[in-house]
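In what follows, a structure is listed as structure tokens, so that the remarks can point back to it.
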Amino acid sequence: MRSVSRRLLLASPATTIVAAPQSLLSMRGAPSFVHPPAEEAIGKNVKATPANWVTAYVLPEVITEPEEQALLDFSEPWFKRLSYNDGHMDGLIHHYKEFYRSYATIMQAAETGNDPGLSTPHANLETDLSLVSGALARVHNLAQVYLPRIPIDDRVHFLRLAGSGFIRAHADETRNSAGIVAGLCLNAGRVMTLTHPKHPGEHVELMLAPRCFYILLGRARYDWEHSVDWVCDDDEHIRRIQKSIVVEGTPIRFDGAETPYRRFDRTAIIFRGISPMALLARRMHERRS
Numbered sequence: 001m002r003s004v005s006r007r008l009l010l011a012s013p014a015t016t017i018v019a020a021p022q023s024l025l026s027m028r029g030a031p032s033f034v035h036p037p038a039e040e041a042i043g044k045n046v047k048a049t050p051a052n053w054v055t056a057y058v059l060p061e062v063i064t065e066p067e068e069q070a071l072l073d074f075s076e077p078w079f080k081r082l083s084y085n086d087g088h089m090d091g092l093i094h095h096y097k098e099f100y101r102s103y104a105t106i107m108q109a110a111e112t113g114n115d116p117g118l119s120t121p122h123a124n125l126e127t128d129l130s131l132v133s134g135a136l137a138r139v140h141n142l143a144q145v146y147l148p149r150i151p152i153d154d155r156v157h158f159l160r161l162a163g164s165g166f167i168r169a170h171a172d173e174t175r176n177s178a179g180i181v182a183g184l185c186l187n188a189g190r191v192m193t194l195t196h197p198k199h200p201g202e203h204v205e206l207m208l209a210p211r212c213f214y215i216l217l218g219r220a221r222y223d224w225e226h227s228v229d230w231v232c233d234d235d236e237h238i239r240r241i242q243k244s245i246v247v248e249g250t251p252i253r254f255d256g257a258e259t260p261y262r263r264f265d266r267t268a269i270i271f272r273g274i275s276p277m278a279l280l281a282r283r284m285h286e287r288r289s
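All the letters of the sequence shown, read from the start, carry residue numbers 1 to 289 under the UniProt record's numbering.
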């Protein structure tokens with residue numbers, strides 16, 4: 001199967017080279033809040049942490065470029081059969097594709113080269129499966145490190161945004177998952193913006209660079225809304241919805257400065273904690289045992 005081409009543009013040779021940002025998280029727009037070290041937030045009950053903590057983290061380069069390409073190739077048959085949707089059922093996401101797969105089944109397929117448990121069409125098993133299983137296991141373990149008391153859900157969310165795609169501000173439903181939202185970013189960069197409903201003038205920016213792993217934990221998961229490549233429904237975003245403007249290949253700005261990243265198809269592999277109901281059932285079963 002033909003390999004999925006990488007479309008991660010840096011500055012063109014004819015232009016000034018733009019350096020990648022040194023830090024992938026900016027608190028500049030949130031002077032009322034602090035960013036605690038991860039070790040101070042991991043394993044803590046949300047109510048036991050200060051209300052002014054922003055417990056969001058971005059880990060750069062958690063996988064290699066060959067691993068990134070292997071993951072894109074592996075999942076491409078699933079994405080290829082889907083058309084880009086123009087609007088999510090609740091209007092939050094535009095120009096996207098998404099699906100869910102079982103982590104256990106994916107790992108079994110990657111480790112054995114056989115995927116009878118995966119939905120048709122099957123994954124691309126012609127890629128280097130050791131790279132797929134190694135990368136997925138690493139980020140799954142990372143998510144579990146940041147959420148030591150709640151198991152990571154077996155359902156893995158694959159989400160692809162087109163170059164013109166964006167996600168409006170929202171907080172994930174707490175009834176469907178607990179504790180953490182964590183995503184591995186592939187192929188192209190985007191900026192995630194965190195906004196607080198009780199502090200409308202403040203925001204935090206996360207540079208979701210290719211091969212990074214972002215984590216929204218505790219208060220960042222529950223108290224803050226997150227959006228991707230969106231701040232408000234301005235003229236540009238309305239025109240994106242109407243497909244009357246082309247933003248594919250345009251530069252991405254982060255923390256007030258241009259970055260070397262450009263808007264192209266961006267894939268995220270997202271992990272969450274199991275739902276509160278599943279967690280309750282699990283703990284009741286453990287007590288009975």
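Heads up, the beta-carbon is just placed ideally off N, CA and C, and yes, glycines get one too. Just so it is clear, the structure is predicted and the values come from calculations on it, not from any experiment.
- DSSP places residue 78 in the helix class (H, G or I) of the three-state scheme.
- Measuring C-alpha to C-alpha distances from residue 183 to each of 79, 55, 268 and 53 identifies 268 as the nearest.
- In the DSSP assignment, residue 102 falls within the unbroken beta strand (DSSP E) covering 93-102.
- A straight line joining the alpha-carbon of residue 20 with that of residue 283 spans about 45 angstroms.
- By the beta-carbon neighbour count (other beta carbons within 10 angstroms, threshold 16), residue 22 is exposed.
- For residue 132, the closest C-alpha among the options 103, 148 and 153 is that of 103.
- Taking a C-beta distance under 8 angstroms as the contact criterion, residue 75 and residue 166 do not qualify as a contact pair.
- Your pair residue 266 and residue 141 does not check out as a contact, with CB atoms roughly 23 angstroms apart and the cut at 8 angstroms.
- DSSP lists 253 as the bridge partner or partners of residue 258.
- With respect to the 8 angstroms criterion, residue 54 and residue 213 are not classified as neighbours on the basis of their beta carbons.
- Take residue 77, set aside five residues on each side of it, and the residues of its chain with a beta-carbon closer than 7 angstroms to its own are 121, 122, 123 and 124, in chain order.
- In terms of Cβ geometry, residue 56 and residue 24 do not form a close pair [threshold 8 angstroms].
- Here residue 192 is buried: its Cβ has 16 or more other Cβ atoms, across all protein chains shown, within 10 Å.
- Residue 97 and residue 91 have their C-alpha atoms some 14 angstroms from each other.
- About 19 angstroms separates the beta carbons of residue 194 and residue 178, which is beyond the 8 angstroms limit, so they are not a contact pair.
- With a contact defined as Cβ atoms closer than 8 angstroms, residue 218 and residue 163 miss out at about 32 angstroms.
- Going by beta carbons, residue 271 and residue 156 fall inside the 8 angstroms limit.
- The beta carbon of residue 127 is closer than 6 angstroms to those of 70, 73 and 74 in its chain, skipping five residues each way along the sequence.
- DSSP, read as helix, strand or coil, puts residue 136 in helix.
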